[in-house]
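Chains as they are written, first to last, in my numbering: chain B, 1 to 234; chain F, 1 to 290. Positions of the beta carbon are idealized from the N, C-alpha and C atoms, including for glycine.
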Amino acid sequence: MESIWQGFLEALRLLAIGDPEVVQVVLLSLQVSGTATAISVVIGVPLGLWLALHDFRGKPVLLSFVNFGMGLPPVVVGLFVSLLLWRYGPLGMFGLMYTPVAIVVAQAVIASPIIAGLSFAAIGSLEPKLRLQFLSLGATGLQTNWLLIKEARLGLMAAVMAGFGGVVSEVGASMMVGGNIRGETRVLTTATVMEVGRGNYELALALSFVLLMVAYSVVAVLTYSQNSRRQDAA
Amino acid sequence: MKKQVTVILMSIFLAILVLAGCGTKAPTAQQPAQPQVKDVILATTTSTQDSGLLDVLIPAFEKKTGYKIKTIAVGSGQAIAMGEKGEADLLLTHAPDAEKKVVEAGAAVNRRLVMHNDFIIIGPSADPAGIKGKAAMDAMKAIADAKAIFISRGDNSGTHQLEKKLWKQANITPAGSWYQEVGTGMGQALKMASEKQGYILTDRATYLAQAKNLGMPILVEGDAKLLNIYHVMEVNPAKYNKVNAAGAKAFADFLLSAEGQSMIASFGKEKYGQPLFFADGGKTDKDFGL
């Protein structure tokens, strides 16, 4: 137990003195997972909205795939993205393997179904007559969609948090497509795995706590905005 | 208020996007003769990274030449497989038999000896199989006879390949609950051996770097069979046109230069009281009787 406390103190110390290597790893983790989440929002929210508002044959099948995708194993995604991005793979000409972009791609694949599935649930659980009401009050289709998104914001914000939480804590895909390269693709999770491999348990623990703090800070900001919006609405 | 929050949220996302855009590092200013293709992918064994050796060598090389080494630390087996597919530019590995094969197949060229240290067998201090001081093969036999727990890397790494070779030479097919294949890197496997109080074959560098966490003594060492030799190879640019041949050669040459060799020879002396690697620039397999 003492070593956990030691790790926590070490995490605070590293952050307080602004250890350049740790700061760089933290910033990269935020950039990569933040960008991947942003991309997933752009893909996932419209997809969830569309699924919630349309009925068509085969919808249950499509939905089951989206829900299945919410639990996509990161290592499997990592392997598929690797095969695509290898130098001699179909997208090899872009030279993306072992770059931060490769991690963003893999994480966006992981987070998009999470955000799409939870968006569908959030928008789908709204009162169905709401949409008709908006339309009958003269709102255009786009305006209606926007109003529905605003109505479902609590659930959508939860979707964003789940997506971000899923990718910032993921290690399998980041290790495989990023390669844990110092100063370039080393993120908090891969750095932790490496320090465990090196037997530096205190540093590994410290990095874990930094990861927890970073994840918490982001989620706290989102939760705060979620709640202040709710009070507004009330 | 609603608008404010929306604005805040939007700006957070924008900030993340902008940050991500700036993520690609600005070219480090004023370096001697910028190479045309900077990135060099080095596929290597975990022991060179986990021991900390590359953290010393690579910054010195990058500062000197302007190349950027991208280290992918995996087992030697996987590193060589990356070379065979042309997905790496150079390989620093310790699996002589597999290395020779990849050179014969034409996927890698210019295989040169860089350094060596040795493998050791460590285990619980009580030594239930009584292997202390034995030759490597006798020790393996004793462990199998006693059915004492043995942790195998099980990942086709250089260490694992040597272990399989030793079992084969001892005419033993290890199987049963005492023989546990863990499929992880050396550092993690050592920790597992320590937790399970099992025997394990390890390279000396990774062991020394972790000895303080393990509490397991060296039981077998000094056998000629336990020599651990590291070679550097360049992936053949004639076969794979996307390979950064110039960068690969530059780093291989650096490893074998007087500067690189002296860094290897002195690495770890201060921290562990003994060097982790012995620099062998210019030697060949013949010098080791191979």
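Query                                                                                                                                                                 : Result
Where does methionine 263 (chain F) sit, in a helix, a strand or coil, going by DSSP?                                                                                 : helix
Comparing the C-beta of isoleucine 181 (chain B) with each C-beta of chain F, is any distance below 7 Å?                                                              : yes
Check this for me: beta carbons of leucine 113 (chain F) and lysine 283 (chain F), under 7 Å apart or not?                                                            : yes
Interface residues of chain B around threonine 71 (chain F) at Cβ under 9 Å?                                                                                          : Gly179, Asn180, Ile181 and Arg182
Could you give the uninterrupted runs of the alpha helix (DSSP H) lying entirely in the segment 43 to 88 of chain B, keeping only those of 4 residues or more?        : 59 to 69 and 74 to 85
Please tell me whether alanine 95 (chain F) and lysine 225 (chain F) are closer than 7 Å, where the distance is taken between their beta carbons.                     : no
Taking the alpha-carbon positions, what's the valine 168 (chain B) to valine 210 (chain B) distance?                                                                  : 12 Å
Here's the rule I'm using: 16 or more other beta-carbon atoms within 10 Å means buried, otherwise exposed. How should leucine 142 (chain B) be labelled?              : exposed
Could you check which residue in B:Leu53, B:Arg182 and B:Arg13 has the C-alpha nearest to that of aspartate 362 (chain F)?                                            : The requested residue 362 (chain F) does not occur in the structure, where chain F is confined to residues 1 to 290.
May I ask you to list, following chain order, the residues of the segment 72 to 95 of chain B that have a beta carbon less than 7 Å from some beta carbon of chain F? : Trp86, Arg87 and Tyr88
Would you mind stating whether alanine 307 (chain F) and alanine 43 (chain F) have Cβ atoms separated by less than 7 Å?                                               : Within the shown structure, residues of chain F are numbered from 1 to 290, placing residue 307 (chain F) beyond reach of any answer.
Pick helix, strand or coil for leucine 166 (chain F), following the three-state DSSP scheme.                                                                          : helix
What does DSSP give as the partner residues of glutamate 181 (chain F) in its beta bridges?                                                                           : F:Ser152
For the 8 Å Cβ check, are there 3 or more pairs between the segment 154 to 169 of chain B and the segment 114 to 127 of chain B?                                      : yes
Quick one: Cα of glutamine 6 (chain B) to Cα of aspartate 285 (chain F), how far?                                                                                     : 47 Å
Going along chain F, which residues have a C-beta under 9 Å from threonine 98 (chain B)?                                                                              : Correcting the residue type first, residue 98 (chain B) is tyrosine in the shown sequence and not threonine. Here the neighbours are Asp39, Ile41, Lys70 and Ile72.
Return no unless some Cβ of chain F is closer than 7 Å to the Cβ of glycine 155 (chain B).                                                                            : no
In this structure, does DSSP put threonine 71 (chain F) in helix, strand or coil?                                                                                     : strand
Measuring alpha carbon to alpha carbon, tell me which of B:Ala159, B:Gly18, B:Tyr98 and B:Leu222 ends up nearest methionine 176 (chain B).                            : B:Tyr98
Alpha carbon to alpha carbon, what distance is there between valine 218 (chain B) and leucine 130 (chain B)?                                                          : 32 Å
Okay, do the segment 201 to 212 of chain F and the segment 158 to 172 of chain F touch, 3+ Cβ pairs below 8 Å being the bar?                                          : yes
Cα-Cα, which of B:Pro46, B:Ala159, B:Val25 and B:Leu135 is closest to threonine 223 (chain B)?                                                                        : B:Ala159
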